[in-house]
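These notes are about the structure you will find just below.
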DNA sequence: CAAACGATTTTCT
DNA sequence: GAAAATCGTTTGG
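Residue numbers (the working numbering): 349 to 549.
Below is the structure:
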């Protein structure tokens, strides 16, 4: 069962980030279907969040898609190399988003290995926002695409994540955001091998 | 028009 | 553990 607009268009982006854990992210690009269970997310709370591209109601061509109604993808290029995938939430003109940082591979393993130029399945295949996007074939050209489309969507699974299996902590790579860098907006599934490791590896 | 800067990953020491 | 790779977006002149 696919997540619908009512899931994305809610107000509490932190709550949505937490609920996305255990859901299945599916892409259908180039006739290849790939998917994975979401195991790590981060919330970006729009205009009041210094770590967000939309902080202070900054509105540019790149961030414009975050101001649309929830239920679409926001993809941007980071460090000139990595395509980072976000889910836009809340209503129109409220630029909230959830960064999907890692998934556990489920469908299309061969396709993902090929895209990542890897031979064997290791957590590094999809652990981390840049790696995950590459494995699923997500690029900046997909920014603004609907998550209710056949090319990319998120669906419910039988995997139920209990409150005790969710770990929260500060976000990764946002030290420039000063006091907001400490907010517990990062969520991941306790003990999952495919969760990314900040710093030490 | 020029220049600095990342919501990162990989590779080398 | 440190550093390079690499480029679109944003900001300043």
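All residues carry an ideal CB built from backbone N, CA and C; glycine is no exception. Being a predicted model, the structure only gives us computed values, none of them experimental.
{"query": "Identity of the residues DSSP links to residue 390 by a beta bridge", "result": "447, 534"}
{"query": "Alpha carbon of residue 484 to alpha carbon of residue 413, nearest angstrom", "result": "21 Å"}
{"query": "Other residues of its chain near residue 528: CB distance less than 7 Å, five sequence neighbours each side excluded", "result": "397, 398, 399"}
{"query": "Secondary structure of residue 486, DSSP reduced to three states", "result": "coil"}
{"query": "Nearest-angstrom Cα separation, counted from residue 407 out to residue 387", "result": "30 Å"}
{"query": "Cβ separation of residue 365 and residue 533, assumed to be a contact under 8 Å, to the nearest whole Å", "result": "7 Å"}
{"query": "Whether residue 415 touches residue 441 by CB criterion (7 Å)", "result": "yes"}
{"query": "Contact between the region 459-469 and the region 508-527 (3+ Cβ pairs under 8 Å)", "result": "no"}
{"query": "CA-to-CA distance, residue 361 to residue 449, given in whole angstroms", "result": "15 Å"}
{"query": "Cβ-Cβ distance between residue 353 and residue 394 below 7 Å", "result": "no"}
{"query": "Coarse secondary structure for residue 462, derived from DSSP in three states", "result": "helix"}
{"query": "Beta bridge counterpart(s) of residue 385 as assigned by DSSP", "result": "372, 452"}
{"query": "Residue 379 - DSSP class collapsed to helix/strand/coil", "result": "coil"}
{"query": "Where the beta strand (DSSP E) through residue 421 begins and ends", "result": "421-426"}
{"query": "Span separating the alpha-carbon of residue 518 from that of residue 363", "result": "15 Å"}
{"query": "Identity of the residues DSSP links to residue 501 by a beta bridge", "result": "374, 496"}
{"query": "Cβ shell of residue 359 (< 7 Å), same chain only, five flanking positions each side left out", "result": "438"}
{"query": "Outcome for residue 524 when other beta-carbon atoms lying within 10 angstroms are tallied against a minimum of 16", "result": "exposed"}
{"query": "Minimum C-alpha distance to residue 540 - residue among 451, 433, 522", "result": "451"}
{"query": "Other residues of its chain near residue 401: CB distance less than 6 Å, five sequence neighbours each side excluded", "result": "411"}
{"query": "Beta-carbon contacts of residue 516 that lie in its chain and below 6 Å, excluding the five residues immediately before and after", "result": "532, 535"}
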